[in-house]
Each structure stands twice: as structure tokens, then as C-alpha cells.
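*Asks:* Mind having a look at this structure? Questions to follow.
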Amino acid sequence: MKKFMVHAVRMSQHMFAESQNYFELIGMDFLIDQNLKVWFIEANRTPNLADIPDEKRAVMTDLIRILEQKLLGRHVSSQHVRGQFEPIIDESLKGTSRYFGLLDQECLV
């Protein structure tokens with residue numbers, strides 16, 4: 064899923080604002096079948112956060128708090144974070160290291 068997400072973001076990055084103090088929230092829906100095969104359903108550039116279950120709202124709140132703290136250059140404590148979040152792209156890095164090993168060099172051509 065992470066590799067797919069990196070490719071999806073790279074394919075649509077021209078639509079994102081260019082600013083170092085900015086982030087985009089993208090909703091991606093996946094389905095896992097009975098054989099544990101992952102299927103991509105859709106990506107939403109403006110996901111609806113109004114009508115979501117309380118647990119998902121709590122996780123999204125944590126994610127937004129983490130992003131806010133990182134944008135402000137502050138340390139993020141994992142003490143009150145409900146999910147595990149991992150970066151998949153870091154624009155401050157160069158080459159394939161920017162994608163945390165999720166893309167091969169030939170994908171950057």
C-alpha cells in the first residue's frame with residue numbers, strides 16, 4: 064500500500080501547492096479481500112471528514128496534531144497518539160532516499 068500511495072502522490076503532485084509549511088490531506092480507500100489481497104478503490108483529494116466514526120475522527124485528529132507540530136518544528140510525543148504514522152515522502156531529502164526505500168531509481172526518471 065505504501066508503494067502505491069507514493070506513486071499516486073507523485074502522479075498528482077502537480078496539483079498540490081508548493082510551500083514548505085503546507086500539507087495535503089488525501090483520502091485513499093483500500094479493500095482487503097478474504098485472501099488478504101489489497102485492492103485500491105479510490106483516492107480523494109478532499110476527503111469528507113464530517114461524517115466519520117469517532118475512532119477514525121480520533122486518529123485523524125492525532126494525525127493533524129502530528130503534522131501541525133512537525134510544521135512548527137516541534138517534537139511530537141507518541142504518548143497520546145492512537146495510530147502509527149510513518150512518513151512516505153520527505154521533500155527535504157534527495158533521490159530515492161526521499162521515498163524511504165519505497166521507490167527504485169528507475170521510477171524517478
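In our numbering, the protein residues as written are 64 to 172. Ideal Cβ placement from N, Cα and C applies to all residues, glycine included. The structure displayed is predicted, hence computed values, not measured ones.
(1) From what residue to what residue does the beta strand (DSSP E) around L99 run?
(2) Which of the three DSSP states, helix, strand or coil, is assigned to G136?
(3) Of all the options I152, M68, L171, which has the alpha carbon lying nearest to the alpha carbon of D92?
(4) On the DSSP bridge list, what partners appear for A106?
(5) Label L166 either buried or exposed according to how many other C-beta atoms from any shown protein chain fall within 10 Å of its C-beta, with 16 as the threshold for buried.
(6) Grab the span of the alpha helix (DSSP H) containing K66 for me, first residue to last.
(7) Look up G158 in the DSSP assignment and say whether it is helix, strand or coil.
*Replies:* Concretely, from the data shown:
(1) Looking at the DSSP string, L99 is not in any beta strand (DSSP E), and its letter there is neither H nor E.
(2) coil
(3) M68
(4) M91
(5) buried
(6) 65 to 75
(7) helix
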